[in-house]
Amino acid sequence: MFENKLQSEETWKLYKRDYKKYCARVMKGNMSREDFNAWVERAAAKQDSAILLLEATKGAEKRAALIEELRVELNRD
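Here the sequence shown is numbered in this note's numbering, starting from 2 and rising by one per residue.
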């Protein structure tokens, strides 16, 4: 079921990719576990908000803009 979400929902793809990236930073010692946990909380909240906005959005261009905004937000931290 989770894999189906990853394949069908762009927000989950972005979140999983960035989660792995930030997790790797922890493993390499470039980021503390506390900072990582804080990022996870913020990223999950951003993802939830994006999902709600996408559900209410009909136009493909607007949806693409929302996905791009989420991508930027997840990488801002």
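The beta-carbon is built from N, C-alpha and C at its ideal position, and this holds for glycine as well.
It should be emphasised that the depicted structure is a prediction, and the values quoted were computed from it without experimental measurement.
Let's test the definition: count the other Cβ atoms within 10 Å of the Cβ of residue i and tell me whether it reaches 16, buried, or not, exposed.
i   : result
A44 : buried
L75 : buried
D19 : buried
A51 : buried
K17 : exposed
K21 : exposed
K29 : exposed
K63 : exposed
K47 : buried
A66 : exposed
Could you give the first and the last residue of the continuous alpha helix (DSSP H) run that contains residue i?
i   : result
E10 : Taken as a continuous stretch (DSSP letters only), E10 belongs to no alpha helix (DSSP H), as it is neither H nor E.
Which whole-angstrom value describes the C-beta separation of residue i and residue j, a residue pair presumed to lie in contact below a C-beta threshold of 8 Å?
i   : j   : result
L55 : T12 : 7 Å
Compute every distance between the C-beta of residue i and the non-hydrogen atoms of the ligand NAD, then say whether any falls below 8 Å.
i   : result
R26 : The ligand NAD is not part of this structure, which contains no ligands at all.
Length at least 3, wholly inside the segment 36 to 77: the beta strand (DSSP E) runs in chain order: Counting only runs of 3 or more, we get nothing.
The segment 62 to 76 touching the segment 34 to 53, judged by at least three CB pairs closer than 8 Å: The segment 62 to 76 is in contact with the segment 34 to 53.
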